[in-house]
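Asker: Chains as they are written, first to last, in the numbering used here: chain E, 732 to 1150; chain S, 732 to 1150.
From the three backbone atoms N, C-alpha and C, an ideal C-beta is built for every residue, glycine too.
Quick caveat, the model's predicted, so the values are computed rather than measured.
Sharing a structure, written as structure tokens. Questions coming.
Protein chains: 2
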Amino acid sequence: MSSKKDVSVRRNFLKKTLIAGSVVGGAVTSKIALAQNSESNFLVVDPWTKTQGSGFINPPYGLPSKYEKNVVRVLPNPVPTFPTGSRTPLQSLHGIITPNGLVFERHHAGIPDINPDQHRLVIHGMVDRPMIFTMEDIVRFPSESRIYFLECSGNSAAELKKATGKTAQEIHGLLSCCEWTGVRLSTILQECGVQSSAKWALAEGADGAAMTRSIPMSKMMDDALLVYAQNGEMLRAEQGYPLRLFLPGFEGNMSIKWLRRIKLGDAPWQTREETSAYTDLLPDGKAEQFTFAMDVKSVITQPSGMMKLKLKGFYEISGVAWSGNGKIRSVEVSTDGGKFWSQAILQEPVMDKSLVRFRFPWVWDGAPAVLMSRAVDASGDVQPTMDALLKAKGANIFYHNNAIQPWRVAANGEITNDR
Amino acid sequence: MSSKKDVSVRRNFLKKTLIAGSVVGGAVTSKIALAQNSESNFLVVDPWTKTQGSGFINPPYGLPSKYEKNVVRVLPNPVPTFPTGSRTPLQSLHGIITPNGLVFERHHAGIPDINPDQHRLVIHGMVDRPMIFTMEDIVRFPSESRIYFLECSGNSAAELKKATGKTAQEIHGLLSCCEWTGVRLSTILQECGVQSSAKWALAEGADGAAMTRSIPMSKMMDDALLVYAQNGEMLRAEQGYPLRLFLPGFEGNMSIKWLRRIKLGDAPWQTREETSAYTDLLPDGKAEQFTFAMDVKSVITQPSGMMKLKLKGFYEISGVAWSGNGKIRSVEVSTDGGKFWSQAILQEPVMDKSLVRFRFPWVWDGAPAVLMSRAVDASGDVQPTMDALLKAKGANIFYHNNAIQPWRVAANGEITNDR
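And the structure:
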């Protein structure tokens, strides 16, 4: 229990810091207990301090605390007959890095079991010297490490028709961010001698779907990577072990996992996954194809759907923002459903095509509220409302939902998806 | 097998890029096979492409590929009767992030099993308002996320007397780097009202050792964090779940894990762990105490001890550099045991008190070589040779070995610790 004086001190502090526009200071008006000014009260020794720790050394490869057993990837709700993806628990994460065990999955024929010693990458087509590379060859090339987000183009798709998901994970969890390490693809393509006629590349996976996509050569010669490591260690099986393509900022499925082949040509291949899927039906009946970059987007993760604010007072609103078109320039936050917007603080470093963590100080007065975030990227693109998105793209779109996510806070503190 | 023409082309390419001082290009003269210019040769379908993947969706919390089962934390070699630490496999890692499962461990009484709902942080001593915080209180404060290295002050210690470790992991593996999220300690201390007489803080862990260290208030009010998350997810048990102190750049043991108490006072407490340990015996018989910051250091991780270069030709030398005193300014690499030094490329972003990945292109001609890296930090401090370190500090030191690590490459390609 806080003393009256203490609450008053903290209120003044909060008022001062908020008036000054600072979020460095802050105050929590909840259950902070003022200790008696005697050591005996709080020098109670907990049971875990009285014994030797149970696990003297953790397993060779460690796992999360047992108390965090609910922080896991989840399947869509309801679970489909043949699930093809799992989602990252955005509402439980902090900062920008997604730990490898929680990176979202999207497979087109499950996870192949590839022996890295037998895996090969073939580069052929419009090159002077077609080549086959082993993994041993590839890791000898000059490498680079970059922190990039990865988002499925179908992320948040179910929300376009009506509100379906309840949590940030259910709605937006086909999104992760890792430090990826590999070889700049242009380095290896130069070894093969790119012919001037080559305008497109076909990338093919070694999974049962032989997942294939056509990619403009401009991207392949720019920042495309042949990735073999994520967050320091080798790729996880479900992320393409031992080798994947990585196209920073592009829709996730194009960063072909279990990459076995790149063919250069002068036109796109019109593969199954760029004709029957990953296109959008426009109002005029035509299909919008080759929508590569993931547009500017953000979502508030704390607090968010299915959480409950137990008490009035200070909360830090926090979330992530990203753009496939470059850096995030700014994020604004509204707590009144979009009438009034304020600048959030962006956590440094703000990197190209990476998640950016934003934070905004908020004092909840106990009245109903609607929390929203709106990101702007370096190109000046502004994250749209759902109405604006549907007006621009028509009601039939499925991919590339980058609309603003509103979270409704009820007077009892319960938070729901306000779509 | 490479064709003669192909090898020649690549040699010219290498020569050009090296003369131009570029490491963006590169060439591998090993086993790259020139495919016949017919698709039939490399469109062989692998077994894993012919079937549905075995694990359709990975477990809710994923693990590394079974082919990476040797990339684990290890105990010291030989294993002590009561092991108190495990080491990060630096030679198998890429980039700067250490995945949580591989972050090094150092415990003084094992890993306590703390229920986060029962955990409390007490702040008392020279404060106006002593307080007790629950975890629920703490996560409501304004937070920040930073990528910082963490190094045990005893890292590399065994090397001071003679060469003992064989791999980068065995020698230098008490080193990791994560994105840490928590509350700036100064925010919470300000809530408690720091009295002007407070010059030192005592931080105490809730483990069986009740690990305690004295920390200058200047650090506590600067960049010290109350950390509850690492690499996105909540702290691992072995890293202090649910709450640890984090003192960027300071020796690891001071970032008290399982933090239960902070007391402010006007002088250090002279605890067991700052008198009987974590001090160094100087030549004049006095103990050097309170050596907080980890000095500028670097180590080549690829290639490194116990690896073997199978073929002559191009290799990328790569490693990590860090300094507890700030940013890394530059890293130089020598391949001739320190006679000639060249600038390595630093991977952006170069962050304060974070690991930095450096890279250097090298063509191995098959002759014996000694690979070394030498880091310089923003304060101008230069990583010393072992001789210089011992000359400056005396032969009895145990902690803070930041000497240059030489790796000897034999004519047969085998790499050994050249200490």
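#1: Beta-carbon of E/Ala764 versus every beta-carbon of chain S: anything under 7 Å?
#2: Identify the contact partners of E/Gln1074 in chain S, using a Cβ-Cβ distance below 7 Å as the criterion.
#3: Cα separation between E/Ile946 and S/Ile842?
#4: Could you give the C-beta distance for S/Arg837 and S/Gly904, rounded to a whole number, given that I count them as a contact under 8 Å?
#5: Identify whether E/Arg1003 lies in helix, strand or coil by the three-state DSSP scheme.
#6: Can you tell me which of the three DSSP states E/Gln692 falls into?
#7: If you compare alpha carbons, which of S/Leu821, S/Ile878, S/Leu995 is closest to S/Asn886?
#8: Within 10 Å of its beta-carbon, does E/Ser771 have 16 or more other beta-carbons around it, so buried, or fewer, so exposed?
#9: Specify the secondary structure class of S/Tyr879 as computed by DSSP and reduced to three states.
#10: Taking 7 Å as the CB-CB cut-off, is E/Gly896 touching chain S?
#11: Considering only the alpha carbon of each residue, which of E/Glu890, E/Phe977, E/Gly1055, E/Ser1061 lies closest to E/Asp1118?
#12: Quick check on the burial criterion: 16 or more other C-beta atoms within 10 angstroms. Buried or exposed for E/Lys781?
#13: Can you list, in chain order, the residues of the segment 981-994 of chain E whose Cβ is nearer than 9 Å to any Cβ on chain S?
#14: Using a C-beta cutoff of 7 Å, does E/Gly1125 count as contacting chain S?
#15: Does the structure place the segment 1011-1025 of chain E close enough to the segment 919-935 of chain E that three or more beta carbon pairs sit under 8 Å?
#16: Answer with buried or exposed for S/Asn801, where buried requires no fewer than 16 other C-beta atoms within 10 angstroms of its C-beta.
#17: Between the segment 1097-1109 of chain S and the segment 858-878 of chain S, can you find at least three pairs of beta-carbon atoms closer than 8 Å?
#18: Quick one: does E/Gln1078 have its CB under 7 Å from some CB of chain S?
#19: Does the beta-carbon of S/Gly983 have 16 or more other beta-carbons within 10 angstroms, so that it is buried, or is it exposed?
#20: Can you tell me the Cα-Cα spacing of S/Pro861 and S/Val925, whole angstroms?
#21: Kindly indicate which three-state DSSP category E/Asp868 falls into: helix, strand or coil?
#22: Just reading off the alpha helix (DSSP H) that S/Met1103 is part of, what are its end residues?
#23: Mind the definition here: the segment 806-818 of chain S touches the segment 851-868 of chain S only if three or more C-beta pairs lie below 8 Å; say whether that holds.
#24: Can you tell which of S/Trp779, S/Ala1109, S/Arg1088, S/Glu1019 has the C-alpha that lies nearest to the C-alpha of E/Asn846?
#25: For a quick check, are the C-beta atoms of E/Cys908 and E/Ile827 less than 7 Å apart?
#26: Quick check for students: name the residue ranges of the alpha helix (DSSP H) that lie wholly in the segment 908-981 of chain E, counting only runs of 4 or more.
#27: Using a C-beta to C-beta distance shorter than 7 Å, which residues of chain S count as neighbours of E/Trp931?
#28: Apply the 10 Å Cβ neighbour rule to E/Phe1045 and answer buried if 16 or more other Cβ atoms are within range, or exposed otherwise.
#29: Can you pull the chain E residues whose beta carbon is under 9 Å from the beta carbon of S/Ile1146, in chain order?
#30: Whose CA, out of S/Asn1143, S/Lys1058, S/Thr1116, lies closest to the CA of S/Met1082?
#31: Roughly how many angstroms separate the alpha carbons of S/Glu1004 and S/Arg1088, rounded to a whole number?
#32: Along the segment 990-1022 of chain S, what residues have a CB closer than 9 Å to any CB found in chain E?
#33: Drop a sphere of 10 angstroms on the beta-carbon of E/Asn1143, count the other beta-carbons inside from all chains shown, and report buried for 16 or more, exposed for fewer.
#34: At least one CB of chain S closer than 7 Å to the CB of E/Asn808: is that the case?
#35: In terms of residues, what are the limits of the beta strand (DSSP E) holding S/His903?
#36: In whole angstroms, give me the CA-to-CA distance for E/Gly691 and E/Ala940.
Answerer: On the basis of the coordinates in this document:
#1: Start at 1 with the first residue of the first sequence, and residue 764 of chain E comes out as number 33. Per-residue confidence for E/Ala764 stands at a pLDDT of 41, beneath the threshold of 50, marking its modelled position as unreliable; no derived number is given.
#2: One-based indexing of the first sequence puts residue 1074 of chain E at position 343. None at all; the shortest Cβ gap to chain S is about 15 Å.
#3: As a working mapping, residue 946 of chain E is identified with position 215 in the first sequence. As a working mapping, residue 842 of chain S is identified with position 111 in the second sequence. Their backbone Cα atoms lie some 49 Å apart in a straight line.
#4: Position 106 of the second sequence, counted from the start, is the residue given in the question as residue 837 of chain S. Position 173 of the second sequence, counted from the start, is the residue given in the question as residue 904 of chain S. Not quite, the Cβ-Cβ distance comes to about 11 Å (not below 8 Å), so this is no contact.
#5: Counting from one through the first sequence, the residue named residue 1003 of chain E turns up at place 272. The answer is helix: DSSP assigns E/Arg1003 an H, G or I state.
#6: Outside the shown range of chain E (732 to 1150) lies residue 692 of chain E, about which nothing can therefore be said.
#7: Taking the second sequence and counting its residues from 1, one reaches residue 886 of chain S at position 155. Among S/Leu821, S/Ile878, S/Leu995, the Cα nearest to that of S/Asn886 belongs to S/Leu821.
#8: Along the first sequence, read from residue 1 onward, the residue named residue 771 of chain E stands at position 40. Here the model assigns E/Ser771 a pLDDT of 48, short of 50, so the residue's position is not dependable, and the following value carries that caveat. Counting Cβ neighbours within 10 Å, E/Ser771 comes out exposed, since fewer than 16 surround it.
#9: Counting from 1 along the second sequence, the entry for residue 879 of chain S is found at position 148. Strand at S/Tyr879.
#10: Stepping through the first sequence from its first residue, residue 896 of chain E is reached at position 165. For E/Gly896, the answer is no, since every Cβ of chain S falls outside 7 Å of its Cβ.
#11: The residue labelled residue 1118 of chain E in the question sits at position 387 within the first sequence. Of the listed residues, the one whose Cα sits closest to E/Asp1118 is E/Glu890.
#12: Residue mapping note: residue 781 of chain E aligns to position 50 of the first sequence, counting from 1. Exposed, by the Cβ-count rule.
#13: Trp989, Arg991, Arg992, Lys994
#14: Your numbering for residue 1125 of chain E matches position 394 in the first sequence. Not one chain S Cβ lies under 7 Å of E/Gly1125.
#15: no
#16: Start at 1 with the first residue of the second sequence, and residue 801 of chain S comes out as number 70. S/Asn801 is exposed by the Cβ-count criterion.
#17: no
#18: In the first sequence, residue 1078 of chain E corresponds to position 347, counting from 1. Chain S contact via Cβ: present.
#19: Translated into positions along the second sequence, residue 983 of chain S becomes position 252. Label assigned to S/Gly983: buried.
#20: Locating residue 861 of chain S in the second sequence gives position 130, where the first residue counts as 1. Locating residue 925 of chain S in the second sequence gives position 194, where the first residue counts as 1. Using only the alpha carbons, I get a separation of about 10 Å.
#21: For the purposes of this step, residue 868 of chain E is taken as the residue at position 137 of the first sequence. Helix.
#22: Here residue 1103 of chain S refers to the residue found at position 372 of the second sequence. From DSSP, S/Met1103 is part of no alpha helix (DSSP H) but of the beta strand (DSSP E) over 1100-1108.
#23: no
#24: Indexing the first sequence from 1 puts residue 846 of chain E at position 115. Out of S/Trp779, S/Ala1109, S/Arg1088, S/Glu1019, S/Trp779 has the C-alpha closest to the C-alpha of E/Asn846.
#25: Residue numbering aside, residue 908 of chain E sits at position 177 when the first sequence is read from its first letter. Residue numbering aside, residue 827 of chain E sits at position 96 when the first sequence is read from its first letter. Yes, these two residues count as a Cβ contact at 7 Å.
#26: 916-923, 948-951
#27: Translated into the one-based positions of the first sequence, residue 931 of chain E becomes position 200. Within 7 Å Cβ-Cβ: nothing; E/Trp931 doesn't reach chain S, min ~17 Å.
#28: Stepping through the first sequence from its first residue, residue 1045 of chain E is reached at position 314. Burial call: buried.
#29: One-based indexing of the second sequence puts residue 1146 of chain S at position 415. Per Cβ cutoff of 9 Å: no residues; S/Ile1146 is ~15 Å from chain E at best.
#30: On the second sequence, residue 1082 of chain S is found 351 positions in, with the first residue counted as 1. Among S/Asn1143, S/Lys1058, S/Thr1116, the Cα nearest to that of S/Met1082 is on S/Lys1058.
#31: By 1-based counting over the second sequence, the position of residue 1004 of chain S is 273. By 1-based counting over the second sequence, the position of residue 1088 of chain S is 357. Cα to Cα, S/Glu1004 sits roughly 32 Å from S/Arg1088.
#32: Arg991, Arg992, Lys994
#33: Taking the first residue of the first sequence as position 1, residue 1143 of chain E is located at position 412. So E/Asn1143 ends up on the exposed side.
#34: The sequence position of residue 808 of chain E within the first sequence is 77, counting from 1. By this cut-off, E/Asn808 is not an interface position.
#35: For the purposes of this step, residue 903 of chain S is taken as residue 172 along the second sequence, with counting starting at 1. Here S/His903 belongs to no beta strand (DSSP E); instead the alpha helix (DSSP H) covers 899-903.
#36: The requested residue 691 of chain E is not part of the displayed model; chain E covers only 732 to 1150.
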